[in-house]
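Numbering-wise (our numbering), the sequence shown opens with residue 8 and increments by one.
To keep things clear, I will list the structure first and then write my remarks on it.
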Amino acid sequence: MPLPRGIEEAGFILEPAELEMLVRVFEMTGVAGEDEHTRELRASRIIGYFLAGITSEEELCMWAKRPLHWK
8 MPLPRGIEEA
18 GFILEPAELE
28 MLVRVFEMTG
38 VAGEDEHTRE
48 LRASRIIGYF
58 LAGITSEEEL
68 CMWAKRPLHW
78 K
């Protein structure tokens, strides 16, 4: 699973409850048929949103599902 690995590689220390929440968000926002590259990008976005101060599970899910490009 890319989420915990990405956090460890970045050197962040999280409380177990925070890590569990991030994993839940990652699992809830997946898309059928998603390739590994897309999964990695989504994991990075979730971590970035969390580190930027979005700590609500509901908000993280909302932002993780939004497309990166708006028309």
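Ideal Cβ placement from N, Cα and C applies to all residues, glycine included.
If you follow the alpha helix (DSSP H) that R46 is part of, which residue opens it and which one closes it?
-> 43-58
How big is the Cα-Cα spacing for Y56 and L67? 7 Å
Endpoints, the alpha helix (DSSP H) within which F19 is located
Unbroken run through F19: none, as it is neither H nor E.
With a cut-off of 8 Å on the beta carbons, I'd call A71 and V32 a contact; round off their distance for me.
6 Å
task = Within 10 angstroms of the Cβ of T36, are there 16 or more other Cβ atoms? Answer buried if so, exposed if not.
result = buried
Practice item. Please report how far the alpha carbon of L48 lies from the alpha carbon of I61, in whole angstroms. Key: 17 Å
### Query
Exposed or buried, which one is I53 when buried takes at least 16 other CB atoms within 10 Å?
buried
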